[in-house]
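In what follows, a single structure is set out as structure tokens and then discussed.
Printed below as a string of structure tokens:
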């Protein structure tokens with residue numbers, strides 16, 4: 000352990016976890032939905048597929064897709080410089096998805112290889128269609144705590160196709176300049192030069208002002224459960240149009256979700272794939288900006304006159320991605336806002 004402490008921190012913490020919990024094999028045994036203990040690899044893999052299929056396809060959301068519109072735009076083709084920049088930003092040492100493409104493969108491309116990759120992205124851009132591998136997610140269960148034979152004690156880590164992630168990064172660079180001016184200042188999640196410290200500072204100033212002027216302030220903290228997985232895509236496309244994303248750019252974004260599927264990989268074994276009809280793609284460079292656009296629309300539509308007045312400024316909520324603080328000067332404000340937010344979600 001002392002030796003590992005002097006090596007990179009990743010190995011040190013791996014040693015700590017091994018000493019604390021020991022080695023566990025999540026394919027040795029696992030409980031079925033009915034509580035029976037499964038021991039065969041085939042049944043265990045099937046059980047993991049059933050668990051994540053139910054988790055990623057909530058029954059309380061609608062995934063109806065509207066017909067593809069005939070939007071026409073003048074967006075320029077994807078340049079080689081943007082592709083090269085996105086490839087350089089890929090972190091190394093990541094596990095591959097279904098296409099088995101490692102980040103080192105893309106980083107090793109020379110000028111000719113990058114030009115062919117750029118050509119591929121422009122084909123996807125013009126046609127509004129992407130390879131199925133780019134839409135297929137590999138879910139790897141990672142143990143959290145509790146009984147390691149219970150599926151709900153694991154969280155899924157999503158692996159996406161790296162060529163698809165580069166394409167998504169290029170699209171994200173086009174989406175963000177369009178929507179950033181429209182997003183409210185109250186949102187500090189997934190935005191440049193913003194963070195939790197900004198929101199903590201604002202909250203502290205609000206409390207100081209309320210104390211100084213003997214003004215009551217009521218706060219309701221809301222944490223939306225599995226918010227990424229519950230975003231209805233049909234509504235999301237409408238919201239993107241409202242925020243100025245349309246034409247070929249919107250079609251390119253939708254192409255990453257047209258035939259979205261997932262499969263589970265556990266100890267080298269893969270399950271059959273299953274469709275995923277709702278939610279954003281975990282680990283996709285596009286998902287953060289799409290999510291805060293969706294949350295911004297909910298925030299705008301749930302705003303009421305009630306809020307906390309700080310001088311001439313009225314602050315009704317603060318957001319950091321899916322973490323929300325509702326503010327009011329009376330106890331009636333937060334419950335009303337909470338009900339409105341719930342109905343909008």
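Numbering (my numbering), first residue to last: 0 to 344.
Every residue, glycine too, gets a C-beta built ideally from N, C-alpha and C.
- At a Cβ-Cβ threshold of 8 Å, residue 171 and residue 102 do not count as neighbours.
- Following the DSSP letters along the chain, one finds residue 46 inside the alpha helix (DSSP H) bounded by residues 40-55.
- Here the C-alpha atom of residue 129 lies approximately 18 Å from the C-alpha atom of residue 173.
- One thing to note: residue 178 has its Cβ within 8 Å of the Cβ of residue 244.
- Taking a cut-off of 8 Å for Cβ pairs, the segment 28-43 and the segment 139-148 touch, as three or more such pairs fall below it.
- Around residue 76, the same chain offers 121, 124 as residues with beta carbons nearer than 7 Å, after the five sequence neighbours per side are excluded.
- Under the DSSP assignment, residue 235 falls in the alpha helix (DSSP H) whose first and last residues are 232-241.
- The bridge partners DSSP lists for residue 140 are 155.
- Taking each of 301, 260, 84, 238 in turn and checking the Cα distance to residue 158, the smallest one comes out for 260.
- With a beta-carbon spacing of about 14 Å, residue 326 and residue 186 fall beyond the 8 Å limit used to define contacts.
- In the displayed model, residue 274 falls within a strand according to three-state DSSP.
- Between the C-alpha atoms of residue 300 and residue 209 there is a straight-line separation of about 27 Å.
- Contact annotation, residue 100 with residue 160: C-beta distance approximately 7 Å; criterion of less than 8 Å satisfied.
- Distances from the CA of residue 45 to each of 275, 264, 258 were compared; the closest alpha carbon is that of 264.
- Contact between residue 250 and residue 127 holds: their C-beta atoms lie close to 4 Å from each other, under 8 Å.
- Taken through DSSP and simplified to helix, strand or coil, residue 30 comes out as strand.
- When the beta-carbon positions are compared, residue 108 and residue 119 stay at least 8 Å from each other.
- Selection 78, 112, 136, 53 evaluated against residue 94 yields 136 as nearest (Cα-Cα).
- A direct Cα-to-Cα measurement between residue 229 and residue 282 gives close to 15 Å.
- The residue among 41, 232, 154 with its C-alpha nearest the C-alpha of residue 277 is 232.
- The Cβ atoms of residue 134 and residue 257 sit closer than 8 Å to each other.
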